[in-house]
Each structure stands twice: as C-alpha cells, then as structure tokens.
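The structure under discussion appears below in the form of structure tokens.
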Amino acid sequence: MKNILLIGLGRFGRHLAMELNQLGHQIMAVDKDEERVNECMPFVTNAQIGDSTHAEFLRSLGVGNYDICYVTISGNFQNSLETTSLLKEMGAKYVVARAERDVQAKFLLRNGADDVTYPEKQLAKWAAIRYTANHIFSYIELNEQYAIVEVAVPESWLNRSVGELNIRKKYGINILGIKKDGKTNMTVTPETLLTDDMTILALGEYPLLRKCFCL
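Position one of the sequence shown corresponds to residue 880 (the working numbering), numbered consecutively onward.
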C-alpha cells in the first residue's frame, strides 16, 4: 500500500482515483472544483479543495509524505507545469504528470516530473492496434520500444511446440505465457504445445511483433 497525492480530478484523474482505490492505496485527492472533489469522495481516503499552484496550499498537504504524486490537471498546461515544479521543489519523492503532447512532456520532465503519462495517446494507440486486427485480444505498451500482446496462435504454429518452432531465435520475441479457458499459465517450456483453444502472451519490439503477428 502506498500513500498517493492525486492533483486534478477530471475524467482521467477520477478514473485513476478509482483504480488506485481498488488496489488498496491511501489517496489524498485535490481539485479546485468542489463538485469534482465531492464526486470522488467515495473512493479516496481524504480530499481537499484548493489551487495547487499556490505554494502555501500545496505545502499544507505535506508533499514529502507521499510515495507518489500524480498531476492529472486537464485543460490548463500552465497550472500542470507550475504544480509539477512546486511539488519537486517541496521534496516530492516521485512525480508523475499527465501530458497531451510531446512538447508538454519535455517541459514537464525538465521541470520536476519523474515520469509522464499520455492517457489519450496511449489509449488511441491501444485502440488502433486492438480493433484493426481480429486476432489481437490485448495490448500493453511497456515503452516506446517494447510491448506485450495477447494474440491467437498463428495457423502455421498450430499443434507444434515452442521448441520446435524455435520462436525466440527465429522471430526475436519471447513467449511469456499462454491463456486457456480463462486461465493464464506463465510456465512455458520448449515442450509447450500450441493449440487453437489458447492465446499467446508475447513480448517483443514493435517491428518484430508486427512482422510476426501482422499487427
């Protein structure tokens, strides 16, 4: 369990608060809008109405006591940038800030953000890949170079073993696990037989995954 400071309760911030709550974390939520704060009260530990660009208000939250500070302010990049910078100046341990464009990410990283999240960009990429290929069931972006995909077993691989296919050497990807009957098995050996009633969890670089599974 971690202590989380979440600043900005727009759509992304609200959904983030709900997910963090499901994971059992302690959440202090902050927004200037009283209605947004009230809507989030059922799934946060505590909440404050206030302007995070005001240093005194931010200092009153005890920034250094949180394991992670999320800045998910939407519609006002200047406020997001100022809040991110102030958090770091006040001793925040780890700051994750929301960006909409690459240029925003650069400014945030230069002004205190330890990491940047692109909710719209990441969702758009996921949706584009997920729904334009019938054999793709899930997609997880790890970074700009690597991803994990859940895919149907290619027809040419059916009823053949992982070792027989020599997948890692031939295709340059790793089979992390298989899913069958709703259950995931992460123990994959050279003897694991690939059948049409299972899906594959594969890790690799984007070009190699695209080439292997026609993404």
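For each residue, glycine too, the CB sits at the ideal point set by N, CA and C. Bear in mind the structure is a predicted one, so any value in this text is a computation, not a measurement.
Distance between beta carbons of residue j and residue i, contact taken as under 8 Å
i, j, result
"residue 901", "residue 882", "About 16 Å separates the two Cβ atoms, so there is no contact after all."
"residue 929", "residue 936", "4 Å"
"residue 973", "residue 886", "At roughly 14 Å, the Cβ-Cβ gap does not stay under 8 Å, so residue 973 and residue 886 are not in contact."
"residue 1028", "residue 1073", "Incorrect: roughly 15 Å between the Cβ atoms, too far for contact."
"residue 1026", "residue 987", "Contact flag wrong, Cβ pair sits at about 23 Å."
"residue 1059", "residue 1076", "6 Å"
"residue 908", "residue 919", "5 Å"
"residue 1057", "residue 1080", "7 Å"
Buried versus exposed call for residue i [16 or more other C-beta atoms within 10 Å across all chains shown]
i, result
"residue 931", "buried"
"residue 890", "exposed"
"residue 978", "buried"
"residue 1041", "buried"
"residue 1063", "exposed"
"residue 1083", "buried"
"residue 1068", "exposed"
"residue 1019", "exposed"
"residue 912", "exposed"
"residue 1037", "exposed"
"residue 994", "exposed"
"residue 981", "exposed"
C-alpha gap between residue i and residue j, whole angstroms
i, j, result
"residue 990", "residue 942", "16 Å"
"residue 960", "residue 1052", "39 Å"
"residue 962", "residue 1066", "45 Å"
"residue 945", "residue 880", "11 Å"
"residue 954", "residue 888", "12 Å"
"residue 965", "residue 1055", "41 Å"
"residue 947", "residue 969", "13 Å"
"residue 1095", "residue 892", "Nothing can be reported for residue 1095: it is not among the residues displayed for the chain, which extend from 880 to 1094."
"residue 967", "residue 894", "24 Å"
"residue 992", "residue 1039", "47 Å"
"residue 1050", "residue 1078", "17 Å"
"residue 1044", "residue 1016", "22 Å"
"residue 925", "residue 915", "13 Å"
In DSSP terms, what residue i is bridged to
i, result
"residue 908", "885, 926"
"residue 1058", "1063, 1078"
"residue 1053", "1082"
- Please specify which runs of the beta strand (DSSP E), each continuous and at least 3 residues long, are wholly inside the segment 935–1014, giving them in chain order. Taking only runs of at least 3 residues, the beta strand (DSSP E) segments lying wholly in the segment 935–1014 are 947–950, 974–977, 994–996.
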